[in-house]
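Each remark here refers to the structure printed beneath this line.
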Amino acid sequence: MELIRFLFARSRRVFIFTVIFGCLSGITNAGMLAIVNAALFRRHADPRALLFVFIALCVLAPLTRVISELLLTRLGQNAIFALRTELARQVLRVPLQKIEEAGTHRILSVLTDDIPILTGMISSVPVLFINIGVVTSCLVYMGWLKWKLLLALLGVIVLGIATYQLAVLRATPYFKRARASENDLQKHFQGLIHGVKELKLHQRRREDFLAKVLSAAASLFRTEVISGFRIYSIAASWGQLLVFVVIGVSVFGLRGTLAAGEGVLTGFILALLFLMTPLQVIMNAAPALARARTALKNIEDLGLKLTQSAVVEETGSAAVGESGIAPVRVELKGVTYTYRHEDSADSFTLGPLDLTVENGELLFITGGNGSGKTTLAKVLVGLYTSESGEIRCNGELITEKNCDSYRQLFSAIFSDFFLFESLLGFEEGANLEDEARKHLTRLRLEHKVRVQNGAFSTVELSQGQRKRLALLICCLENRPILFFDEWAADQDPVFKEIFYFSILPELKAQGKTVIVISHDDRYYAVADRIVHLEAGQVSAGTPGLLSATART
Numbered sequence: 000m001e002l003i004r005f006l007f008a009r010s011r012r013v014f015i016f017t018v019i020f021g022c023l024s025g026i027t028n029a030g031m032l033a034i035v036n037a038a039l040f041r042r043h044a045d046p047r048a049l050l051f052v053f054i055a056l057c058v059l060a061p062l063t064r065v066i067s068e069l070l071l072t073r074l075g076q077n078a079i080f081a082l083r084t085e086l087a088r089q090v091l092r093v094p095l096q097k098i099e100e101a102g103t104h105r106i107l108s109v110l111t112d113d114i115p116i117l118t119g120m121i122s123s124v125p126v127l128f129i130n131i132g133v134v135t136s137c138l139v140y141m142g143w144l145k146w147k148l149l150l151a152l153l154g155v156i157v158l159g160i161a162t163y164q165l166a167v168l169r170a171t172p173y174f175k176r177a178r179a180s181e182n183d184l185q186k187h188f189q190g191l192i193h194g195v196k197e198l199k200l201h202q203r204r205r206e207d208f209l210a211k212v213l214s215a216a217a218s219l220f221r222t223e224v225i226s227g228f229r230i231y232s233i234a235a236s237w238g239q240l241l242v243f244v245v246i247g248v249s250v251f252g253l254r255g256t257l258a259a260g261e262g263v264l265t266g267f268i269l270a271l272l273f274l275m276t277p278l279q280v281i282m283n284a285a286p287a288l289a290r291a292r293t294a295l296k297n298i299e300d301l302g303l304k305l306t307q308s309a310v311v312e313e314t315g316s317a318a319v320g321e322s323g324i325a326p327v328r329v330e331l332k333g334v335t336y337t338y339r340h341e342d343s344a345d346s347f348t349l350g351p352l353d354l355t356v357e358n359g360e361l362l363f364i365t366g367g368n369g370s371g372k373t374t375l376a377k378v379l380v381g382l383y384t385s386e387s388g389e390i391r392c393n394g395e396l397i398t399e400k401n402c403d404s405y406r407q408l409f410s411a412i413f414s415d416f417f418l419f420e421s422l423l424g425f426e427e428g429a430n431l432e433d434e435a436r437k438h439l440t441r442l443r444l445e446h447k448v449r450v451q452n453g454a455f456s457t458v459e460l461s462q463g464q465r466k467r468l469a470l471l472i473c474c475l476e477n478r479p480i481l482f483f484d485e486w487a488a489d490q491d492p493v494f495k496e497i498f499y500f501s502i503l504p505e506l507k508a509q510g511k512t513v514i515v516i517s518h519d520d521r522y523y524a525v526a527d528r529i530v531h532l533e534a535g536q537v538s539a540g541t542p543g544l545l546s547a548t549a550r551t
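Position one of the sequence shown corresponds to residue 0 (numbering that gives the first Met the number 0), numbered consecutively onward.
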């Protein structure tokens, strides 16, 4: 029903017309059966009239079917387009912490497995509707021929549907487990790609990974899918057997009892045989519908909704959202945040913290691995929502309504950053390429990368060089606050000095606020202030050097 509501929401008028033409297609098919049956048993005084009606139905049957298929195909493809784009927008609206808790493999499974299942189901809807129309029209014709026979048939159909529903209930858990194993497969494929060097260097590890990890998950998926489809296949064969029973009983058992003439009985059986193919198509759609329901459940588990249109996030006041270099002062008061690890009950709590980032200062955040530096940074830039406390920008409280606007104040390069090939998000007509070329020279990449047609000629570079391209984009964005998460860790000694002694002071001189996570203690003197974290708390230190306090 969710898929039907989704299709109906795309275009009510087109949906209604497709249903109408689908029904017409079914009526014309049933009408042809009636004409053929009447002609065979000469139940009409004027054979030529039957011929003209037959010719008209021969034209109408394919015509209405084609119109219905074209309308439903157009509706379905528009729905698939909307499904992909709207779910992509909704993914961008899901809180970052929820995405990280779910894990990249689950997000990828939804995008690469669940969405194709839904699009495949939507693509099959045209054929499904037409066959439903054929079945309905044939049942009406059969009722017109002999309503008692139809009642008997409907009783058998009800029995078949009940049996099939039991099969659906039995088979659905298999498909759910198969889908869960796809999440594991996605994770293992990521391990295969990202760990290929380690696997190549260790034969025993490689064999164990293939046999005990990857093959085990793939085997589980195969077993569950086969078991689910086996149940559906048995149920479908049972339904077909019931139809044959009805035919046998009608011909050999009830022929005299119901006082049905040769023409009536033959027409009824012809219609029943004609029904078998569309009924088979409808029944065969059940496994796809079950998988589609599981896909919908997986999508909703990520906080997404098929029938909910994604909207642009609301923005706050101009004071928070204005671009360019304007005085910006950010305050954290009593802020806490708990980070929960993927697939683990372990958690890490940051804070409570008080911290003020003054306009135009160069602030270093230091601390050991796992001390909470990156978590603090994500809270600070608005990617994580604090569980308690408050964040203010120029005195204005940051809430859910103006948080997206607040995030536009920051340009950030995290350690797990992604580098887009195209220069996205800049105004058309801006002199981007000339500015980008100047920065390429400044960053010593002019011989490696060119900027043309609003894109980099390549991003297949070393990690250090890719970080320089990310820095170039930050400079082009020209936002008031810049954040760097261990940016210099992948730079050679020469460029590391350029970053700390040249680039950072230049950014500060431009009036920008710069926040740097760093382990390079030999460059700490560059900073105006240093905040040192230990286990999610600001540690005690030299007065004047550590100027954030932890509430107790």
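Using N, Cα and C, we set each Cβ at its ideal position, and we do this for glycine too.
Distance check for residue j and residue i, CA to CA, integer angstroms please.
{"i": "A170", "j": "R203", "result": "38 Å"}
{"i": "P115", "j": "L49", "result": "47 Å"}
{"i": "V356", "j": "Y499", "result": "19 Å"}
{"i": "L444", "j": "F417", "result": "18 Å"}
{"i": "F174", "j": "L168", "result": "11 Å"}
{"i": "I233", "j": "I225", "result": "12 Å"}
{"i": "G320", "j": "I397", "result": "Model confidence at G320 stands at a pLDDT of 42, short of 50, so the residue's coordinates are unreliable and nothing is read from them."}
{"i": "R105", "j": "A29", "result": "47 Å"}
{"i": "T118", "j": "A526", "result": "53 Å"}
{"i": "V458", "j": "P504", "result": "27 Å"}
{"i": "K97", "j": "I529", "result": "30 Å"}
{"i": "Y338", "j": "A524", "result": "31 Å"}
{"i": "S80", "j": "L69", "result": "First, the residue type needs correcting, since residue 80 is Phe and not Ser in the sequence shown. Answer to the nearest angstrom: the Cα atoms are 16 Å apart."}
{"i": "T365", "j": "D353", "result": "16 Å"}
{"i": "L379", "j": "R391", "result": "10 Å"}
{"i": "I160", "j": "V52", "result": "35 Å"}
{"i": "N182", "j": "A78", "result": "26 Å"}
{"i": "K466", "j": "P351", "result": "32 Å"}
{"i": "I497", "j": "T293", "result": "53 Å"}
{"i": "K552", "j": "V195", "result": "With the chain running from 0 to 551 in the structure shown, residue 552 is simply not present."}
{"i": "H518", "j": "A87", "result": "36 Å"}
{"i": "F228", "j": "L431", "result": "56 Å"}
{"i": "F251", "j": "V126", "result": "34 Å"}
Would you check if the distance between the CB atom of residue i and the CB atom of residue j is smaller than 7 Å?
{"i": "S410", "j": "R478", "result": "yes"}
{"i": "G75", "j": "I15", "result": "no"}
{"i": "G25", "j": "F128", "result": "no"}
{"i": "V242", "j": "M282", "result": "no"}
{"i": "S180", "j": "L219", "result": "yes"}
{"i": "S461", "j": "V448", "result": "no"}
{"i": "V134", "j": "P286", "result": "no"}
{"i": "N401", "j": "R328", "result": "no"}
{"i": "S414", "j": "D484", "result": "yes"}
{"i": "Y336", "j": "S385", "result": "yes"}
{"i": "I298", "j": "D113", "result": "yes"}
{"i": "L481", "j": "K511", "result": "yes"}
{"i": "L349", "j": "L375", "result": "yes"}
{"i": "F267", "j": "L144", "result": "yes"}
{"i": "L71", "j": "T27", "result": "no"}
Given a threshold of 16 other Cβ atoms within 10 Å of its Cβ, counted over all protein chains shown, does residue i qualify as buried or as exposed?
{"i": "N452", "result": "exposed"}
{"i": "Q536", "result": "buried"}
{"i": "N368", "result": "exposed"}
{"i": "T17", "result": "buried"}
{"i": "W486", "result": "buried"}
{"i": "L39", "result": "exposed"}
{"i": "V65", "result": "exposed"}
Which residue from the options puts its Cα closest to that of residue i?
{"i": "L191", "options": "R12, E206, S414", "result": "E206"}
{"i": "L475", "options": "H193, R436, G510, A55", "result": "R436"}
{"i": "P492", "options": "G463, G510, D484", "result": "G463"}
{"i": "K296", "options": "S456, R176, H438", "result": "R176"}
{"i": "K186", "options": "G367, V93, L240, L107", "result": "L107"}
{"i": "V157", "options": "A284, R12, W237, C473", "result": "W237"}
{"i": "F347", "options": "L86, A534, C57, L331", "result": "A534"}
{"i": "I19", "options": "S136, V52, F51, H193", "result": "S136"}
{"i": "L95", "options": "L198, L382, S501", "result": "L382"}
{"i": "H531", "options": "K511, R11, L362, L481", "result": "L362"}
{"i": "R83", "options": "R73, L110, V93, Y231", "result": "L110"}
{"i": "P172", "options": "T512, G142, F188, A289", "result": "A289"}
{"i": "Q279", "options": "T373, V513, E434, Y231", "result": "Y231"}
{"i": "L271", "options": "V245, F251, A291, A284", "result": "V245"}
{"i": "T63", "options": "R47, N36, L23", "result": "L23"}
Of all Cβ atoms in chain C, is any one closer than 7 Å to the Cβ of residue i?
{"i": "A284", "result": "Absent from the structure is chain C; it holds one protein chain and no more."}
Requested in this report: Starting from the N-terminal side, write out each stretch of the alpha helix (DSSP H) that is 4 residues or longer and does not extend beyond the stretch 96-120.
Outcome: Listed in chain order, they are 103-108.
Practice task
Mind listing, in chain order, the continuous alpha helix (DSSP H) runs of no fewer than 4 residues lying wholly within the stretch 463-534?
Solution key: Runs of the alpha helix (DSSP H) inside the stretch 463-534: 492-497, 503-508.
Query raised in the report: What runs of the alpha helix (DSSP H), each 4 residues or longer, lie entirely inside the stretch 153-208?
Result: For the stretch 153-208, the full-length alpha helix (DSSP H) segments reaching 4 residues or more read 195-199, 202-207 along the chain.
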